[in-house]
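Per this note's numbering, numbering of the sequence shown is gapless, rising by one per residue and ending at 519. C-beta: ideal position from N, C-alpha, C; glycine also. This structure is a prediction, so every number in the text was calculated from the model and none was measured. Below is one structure, written out as structure tokens; comments come after it.
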Amino acid sequence: MLLTALSSSPPFPFPLHPSTFQKFKPLNATSQQLSLDSFPPNQNPSPSQSFNKTGVIVVGAGLAGLAAATRLQADNIPFLLLEASDAVGGRVRTDFLDGFTLDRGFQIFITAYPEAQKLLDYDALNLHRFYSGAKVFYGGRFHTVADPLRHFSDSLQSLANPIGTVIDKFLIALTRLRVLSQSDYEILTADDEVRTIELLRSIGFSDSILDRFFRPFFGGIFFDRELGTTSRLFNFVLKCLALGDNTLPKNGIAAIPEQLAGKLNPDSILLNSRVVSIDYEQEEGTLVSLQTGETYRSDLGVILAIEEFEAANILKGGKMGTAPVRSTICLYFSVDSDKIPVKDPVLFLNGSGRGIVNNMFFASNVAPSYAPPGKALVSVSLIGLYDDVPDEELVERAVNELSGWFGESVVRSWKFLRMYRIGFAQPNQCPPTNLMKDPRLRPGLYMCGDYVTSATFDGALVSGRRAAEGLLKDRARIEV
Numbered sequence: 040m041l042l043t044a045l046s047s048s049p050p051f052p053f054p055l056h057p058s059t060f061q062k063f064k065p066l067n068a069t070s071q072q073l074s075l076d077s078f079p080p081n082q083n084p085s086p087s088q089s090f091n092k093t094g095v096i097v098v099g100a101g102l103a104g105l106a107a108a109t110r111l112q113a114d115n116i117p118f119l120l121l122e123a124s125d126a127v128g129g130r131v132r133t134d135f136l137d138g139f140t141l142d143r144g145f146q147i148f149i150t151a152y153p154e155a156q157k158l159l160d161y162d163a164l165n166l167h168r169f170y171s172g173a174k175v176f177y178g179g180r181f182h183t184v185a186d187p188l189r190h191f192s193d194s195l196q197s198l199a200n201p202i203g204t205v206i207d208k209f210l211i212a213l214t215r216l217r218v219l220s221q222s223d224y225e226i227l228t229a230d231d232e233v234r235t236i237e238l239l240r241s242i243g244f245s246d247s248i249l250d251r252f253f254r255p256f257f258g259g260i261f262f263d264r265e266l267g268t269t270s271r272l273f274n275f276v277l278k279c280l281a282l283g284d285n286t287l288p289k290n291g292i293a294a295i296p297e298q299l300a301g302k303l304n305p306d307s308i309l310l311n312s313r314v315v316s317i318d319y320e321q322e323e324g325t326l327v328s329l330q331t332g333e334t335y336r337s338d339l340g341v342i343l344a345i346e347e348f349e350a351a352n353i354l355k356g357g358k359m360g361t362a363p364v365r366s367t368i369c370l371y372f373s374v375d376s377d378k379i380p381v382k383d384p385v386l387f388l389n390g391s392g393r394g395i396v397n398n399m400f401f402a403s404n405v406a407p408s409y410a411p412p413g414k415a416l417v418s419v420s421l422i423g424l425y426d427d428v429p430d431e432e433l434v435e436r437a438v439n440e441l442s443g444w445f446g447e448s449v450v451r452s453w454k455f456l457r458m459y460r461i462g463f464a465q466p467n468q469c470p471p472t473n474l475m476k477d478p479r480l481r482p483g484l485y486m487c488g489d490y491v492t493s494a495t496f497d498g499a500l501v502s503g504r505r506a507a508e509g510l511l512k513d514r515a516r517i518e519v
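Next up, the structure:
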């Protein structure tokens, strides 16, 4: 699931959600807040005096960039936030189609994220909760896995089901207590880092629960059914799951970055502005050049809040990770609301070890606003890109597979809406990792993003704040 700051645009020209930020004034219009220069309100600058200077330039308006800008604004530091696409959010985007709310990929927000709790207004997001557990398809039927603290009777009934042994379920409780006893810092810097699958085997979990629950559930979170992801990230996510709820905002996952952006000075956000180069050898500040030919100067520094490979391209020779990134495919279907087989807001997992579907759910069961009246929305997730499989074939294979779950007559009534092939859904965080990277690349140049910290929404937010604080700390040293 896309817990990170999860963006690749659709591979076909789908209509996109119109953003209010499209109406922002161009930055060469008068804007005292944006520029460190000043002109009388009734006097237009000459071309040689155009407003092209600010304090800090933040490149990328995903969660990390928005968090960095939020921290800068809190200290009244002038900034310019440059975003290459047509809206804020990065990988956290939502499209709207015929009354349906389509998140770009399977994305769930966990309410226990500590940094998110500081930055976001949960009430305004109007979060809708998932059932705390899952239904696992195995042996031709569904079996419930439930959180015993939230669904005690369900968990008792599931003790004897084939999704792991009774001992496995006891070990889950012990593992949960272990992570709850540790601080986030202890978890993210643990010396005993191994792959998640190695951690789970060392704890003593059986193959039955590894294959039928952990691989589809955490594989869906990390887009990694092999569970090669670092145990640090597993433990952090497990702790957040134990403390919080899995949710969807009423207006789609994009409501999260849009809320952050809504608190910023709108004149400081420029969309459709792709940065192509950065020149930090200038005596009068760092120059940032756009694809359009426009150039902006930063007096205080530049924060790169973009993907690692994009930063490497802009910096012309910057180093980047070599591990393959995580990819996913998300399929959406519509169906008449009276024809869905279940009404519960629950996640369905493929525990069979066969087929292409990893997990699915009825999104409108979680958040009714995701579908228009009389309709329901189905979300189906695959891990990987399946580059060699045409869209039509993938849809047909998914439909055939899910027909074995819910019945052919039920699934054949679903209408295909849209497919998202997301090549970069999440950075690869296999061991060895450093989830506490220094954001400082050089004096005046900083990086942030979930690849700098943990590949989660929270990691992106934390990295943005740290990058801004690193810049402010360096500037304070220079001034002293």
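Spatial distance of residue i from residue j (CA atoms)
i           : j           : result
residue 93  : residue 334 : 12 Å
residue 451 : residue 399 : 16 Å
residue 435 : residue 368 : 14 Å
residue 157 : residue 115 : 19 Å
residue 84  : residue 291 : In this prediction, residue 84 scores a pLDDT of 35, lower than 50, which makes its location untrustworthy; the coordinate-derived value is nonetheless stated afterwards. C-alpha separation (whole angstroms): 41 Å.
residue 210 : residue 204 : 10 Å
residue 298 : residue 164 : 8 Å
residue 153 : residue 275 : 11 Å
residue 217 : residue 467 : 25 Å
residue 328 : residue 337 : 11 Å
residue 272 : residue 351 : 24 Å
residue 489 : residue 456 : 30 Å
residue 320 : residue 481 : 11 Å
residue 458 : residue 437 : 12 Å
residue 385 : residue 118 : 42 Å
residue 305 : residue 135 : 23 Å
residue 142 : residue 230 : 36 Å
residue 111 : residue 444 : 50 Å
residue 56  : residue 126 : Unreliable placement is indicated for residue 56, whose pLDDT of 32 sits below 50; no coordinate value is reported for it.
residue 196 : residue 349 : 49 Å
residue 454 : residue 198 : 37 Å
residue 363 : residue 465 : 10 Å
residue 300 : residue 474 : 26 Å
Burial state of residue i (16 or more Cβ within 10 Å)
i           : result
residue 410 : buried
residue 241 : exposed
residue 381 : exposed
residue 501 : buried
residue 266 : buried
residue 288 : buried
residue 145 : buried
residue 412 : exposed
residue 252 : buried
residue 448 : exposed
residue 61  : Its pLDDT being 38, under 50, residue 61 is placed unreliably by the model, and the measurement read from it follows with that caveat. Answer is exposed; the Cβ neighbour count stays below 16.
residue 503 : buried
residue 228 : exposed
residue 88  : Note that residue 88 scores 36 on pLDDT, short of 50, meaning its location in the model is unreliable and no value can be drawn from it.
residue 377 : exposed
Contact check, residue i vs residue j, beta carbons under 8 Å
i           : j           : result
residue 270 : residue 214 : no
residue 483 : residue 397 : no
residue 512 : residue 491 : no
residue 131 : residue 104 : no
residue 314 : residue 353 : yes
residue 283 : residue 151 : yes
residue 308 : residue 159 : no
residue 168 : residue 325 : no
residue 293 : residue 138 : no
When the options are compared against residue i, the one with the closest alpha-carbon
i           : options               : result
residue 311 : 332, 174 and 362      : 332
residue 392 : 220, 233, 107 and 264 : 264
residue 238 : 379, 268 and 313      : 268
residue 330 : 128, 340, 317 and 372 : 317
residue 182 : 248, 498 and 189      : 248
residue 440 : 424, 177 and 494      : 177
residue 505 : 199, 344 and 230      : 344
residue 161 : 389, 172, 149 and 170 : 149
residue 516 : 339, 427 and 473      : 339
residue 374 : 426, 194 and 403      : 403
residue 418 : 507, 366, 372 and 379 : 372
Per DSSP, the bridge partner or partners of residue i
i           : result
residue 288 : 166
residue 155 : Paired residues: none, contrary to the question.
residue 458 : 370
residue 238 : Answer by DSSP bridge pairing: none, since residue 238 is not bridged.
residue 414 : 375
residue 421 : 368 and 396
residue 316 : 328
residue 182 : 175
residue 505 : In the DSSP output, where bridge partners are listed per residue, residue 505 has none listed.
Any non-hydrogen atom of the ligand FMN closer than 7 Å to residue i Cβ
i           : result
residue 381 : The ligand FMN is absent from the structure shown, which contains no ligands of any kind.
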